[in-house]
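Chemist:
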Amino acid sequence: GAGVSQSPSNKVTEKGKDVELRCDPISGHTALYWYRQSLGQGLEFLIYFQGNSAPDKSGLPSDRFSAERTGGSVSTLTIQRTQQEDSAVYLCASSPGLGTGNTEAFFGQGTRLTVV
Amino acid sequence: DAKTTQPPSMDCAEGRAANLPCNHSTISGNEYVYWYRQIHSQGPQYIIHGLKNNETNEMASLIITEDRKSSTLILPHATLRDTAVYYCIVRAGSARQLTFGSGTQLTVLP
Chain E
-11 GAGVSQSPSN KVTEKGKDVE LRCDPISGHT ALYWYRQSLG QGLEFLIYFQ GNSAPDKSGL
49 PSDRFSAERT GGSVSTLTIQ RTQQEDSAVY LCASSPGLGT GNTEAFFGQG TRLTVV
Chain V
28 DAKTTQPPSM DCAEGRAANL PCNHSTISGN EYVYWYRQIH SQGPQYIIHG LKNNETNEMA
88 SLIITEDRKS STLILPHATL RDTAVYYCIV RAGSARQLTF GSGTQLTVLP
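Order-wise, the sequence lines are chains E and V.
FYI, the working numbering numbers position 10 of the first sequence as -2, with every residue one higher than the one before it.
FYI, the working numbering numbers position 102 of the second sequence as 129, with every residue one higher than the one before it.
(1) When the Cα of residue 54(E) is compared with those of 101(E), 8(E), -2(E), which residue comes out closest?
(2) Since residue 45(V) and residue 105(V) are thought to touch, with beta carbons under 8 Å apart, how far apart are those beta carbons, to the nearest angstrom?
(3) Identify, in the order they occur along the chain, each residue of the same chain with its Cβ nearer than 6 Å to the Cβ of residue 39(E), setting aside the five sequence neighbours on each side.
(4) Are residue 10(E) and residue 62(E) closer than 8 Å when you measure CB to CB?
(5) Contact criterion: CB-CB distance below 8 Å. Does residue 137(V) meet it with respect to chain E?
(6) With distances taken between CB atoms, is the gap from residue 93(E) to residue 136(V) smaller than 8 Å?
(7) Measuring alpha carbon to alpha carbon, tell me which residue in 71(V), 90(V), 94(V) is nearest residue 113(V).
(8) Since residue 48(E) and residue 34(E) should fall inside the 8 Å C-beta cutoff, what is the C-beta to C-beta distance between them, to a whole number of angstroms?
(9) For residue 131(V), is the classification buried or exposed, using 16 other Cβ atoms within 10 angstroms of its Cβ as the cut-off for buried?
(10) Below 9 Å on C-beta distance, what does residue 95(E) contact in chain V?
(11) I want to check one thing, is the minimum distance from the CB of residue 69(E) to the heavy atoms of the ligand GDP below 7 Å?
(12) The beta strand (DSSP E) that contains residue 112(V), what's its start and end?
(13) From this set, 22(E), 67(E), 28(E), which residue's C-alpha is nearest residue 46(E)'s C-alpha?
(14) Output needed for residue 38(V): all residues of its chain with C-beta closer than 7 Å, excluding positions within five of it in sequence on either side, in chain order.
(15) Taking the alpha carbon of residue 99(E) as the point to measure from, which residue in 5(E), 65(E), 56(E), 6(E) has its own alpha carbon closest?
(16) What are the residues in the segment 40 to 54 of chain V lying within 9 Å of chain E by C-beta distance?
(17) Mark residue 67(V) as exposed unless 16 or more other C-beta atoms lie within 10 angstroms of its C-beta, in which case mark it buried.
(18) With which residues is residue 37(V) paired in a DSSP beta bridge?
(19) Contact check, residue 70(E) vs residue 4(E) under 8 Å by CB: the rounded distance?
(20) So which residues on chain V does residue 30(E) lean against when the C-beta distance must stay under 9 Å?
(21) Ordered along the chain, which non-local residues of its own chain (more than five positions away) have a Cβ less than 7 Å from that of residue 95(V)?
(22) Which residues in chain E have a C-beta closer than 7 Å to the C-beta of residue 104(V)? List them in chain order.
As structure tokens, then:
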């Protein structure tokens, strides 16, 4: 597609349930990033992929959060046993990849997760 | 990555130039200055970036001081649709993610 696509756009789930959020990056982009943004807050980095590997998982807030990427393309962010504090907009971005610092990242429109 | 400092909010009259400042006094030689903006309820949008030379594109101009310790994003003719939070970010060539601060809430007034 022309841009980064995320699905679903909105997700309401009950506390304690597991959720999966999907990100389709721009075709050919090898780098993929997940961020989250709580209401009225800034963007919090979660995890970064280069190809299918995740060299930087430093931002994952707990072991309930995990992410994978297959085929160097689609990525899924999984939150197990969701808590109310997980409610946020989860944003995905992609960029052409490592090598130079002057490659911009393109963001999707996000998935708004509400845990009730 | 170096830390940036931006004013929390600014107003600008529609049709006038909006000048958004950013301090990055600890910037390293290999770090680029990036600007993104986030319009309410949307994902961040890339605006412009530069290393040491001034840059211009169809959206904005980026002025970087000679010592690279500060920069200014200029929107030459602000419109109501430019109302957004503007983020100034410094990022090294080998860095992997963009680290967002609090940004500047720009409000363009009619």
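Cβ coordinates follow ideal geometry from the N, Cα and C atoms, glycine included.
Computed from a predicted model, the values in this text were never measured in an experiment.
Modeler: Walking through what the data contain:
(1) Looking up residue 54(E) in the first sequence gives position 66. Considering only alpha carbons, the answer is 8(E).
(2) Counted from its first residue, the second sequence places residue 45(V) at position 18. Counted from its first residue, the second sequence places residue 105(V) at position 78. At roughly 4 Å, the Cβ-Cβ gap stays under 8 Å, so residue 45(V) and residue 105(V) are in contact.
(3) Within the first sequence, the letter at position 51 stands for residue 39(E). Within the same chain, residue 39(E) has close Cβ partners 18, 60.
(4) Along the first sequence, read from residue 1 onward, the residue named residue 10(E) stands at position 22. Along the first sequence, read from residue 1 onward, the residue named residue 62(E) stands at position 74. Yes. Within cutoff.
(5) Locating residue 137(V) in the second sequence gives position 110, counting from the first residue. Interface residue (Cβ-Cβ distance to chain E less than 8 Å): residue 137(V) is not classified as such.
(6) Taking the first sequence and counting its residues from 1, the one referred to as residue 93(E) is at position 105. Taking the second sequence and counting its residues from 1, the one referred to as residue 136(V) is at position 109. Contact annotation: residue 93(E) and residue 136(V) have beta-carbon atoms that are not nearer than 8 Å.
(7) The residue given as residue 113(V) occupies position 86 in the second sequence. Checked all of 71(V), 90(V), 94(V); the closest Cα to residue 113(V) is 71(V).
(8) Here residue 48(E) is taken as the residue at index 60 of the first sequence, counted from 1. Here residue 34(E) is taken as the residue at index 46 of the first sequence, counted from 1. That pair is a contact at about 6 Å.
(9) Locating residue 131(V) in the second sequence gives position 104, where the first residue counts as 1. Buried, because 16 or more other Cβ atoms sit within 10 Å of the Cβ of residue 131(V).
(10) Stepping through the first sequence from its first residue, residue 95(E) is reached at position 107. Close partners of residue 95(E) in chain V (Cβ separation under 9 Å): 63, 65, 69, 70, 71, 72, 73.
(11) Judged by which ligands are present, the structure shown has none, so any question about the ligand GDP falls away.
(12) Reading the second sequence from its first residue, position 85 is the one you call residue 112(V). Here the beta strand (DSSP E) through residue 112(V) covers 111 to 119.
(13) One-based indexing of the first sequence puts residue 46(E) at position 58. For the residues 22(E), 67(E), 28(E), the minimum Cα distance to residue 46(E) belongs to 22(E).
(14) For the purposes of this step, residue 38(V) is identified with residue 11 of the second sequence, where counting begins at 1. So the list reads 134, 136, once near-sequence residues are dropped.
(15) Along the first sequence, one-based indexing puts residue 99(E) at 111. Cα-wise, what sits closest to residue 99(E) is 65(E).
(16) Hits within the stretch: zero.
(17) Translated into positions along the second sequence, residue 67(V) becomes position 40. With fewer than 16 Cβ atoms within 10 Å of its Cβ, residue 67(V) is classed as exposed.
(18) Taking the first residue of the second sequence as position 1, residue 37(V) is located at position 10. Per the DSSP secondary-structure output, residue 37(V) pairs in a beta bridge with 133(V).
(19) One-based indexing of the first sequence puts residue 70(E) at position 82. One-based indexing of the first sequence puts residue 4(E) at position 16. Their Cβ separation, rounded to whole angstroms, is 7 Å, which keeps residue 70(E) and residue 4(E) in contact under 8 Å.
(20) Residue numbering aside, residue 30(E) sits at position 42 when the first sequence is read from its first letter. What residue 30(E) touches in chain V: 112, 114, 127, 128, 129, 130.
(21) Locating residue 95(V) in the second sequence gives position 68, counting from the first residue. Within the same chain, residue 95(V) has close Cβ partners 54, 79.
(22) As a position in the second sequence, residue 104(V) is number 77, starting the count at 1. Those do not exist, as residue 104(V) stays about 23 Å from chain E at its closest Cβ, beyond 7 Å.
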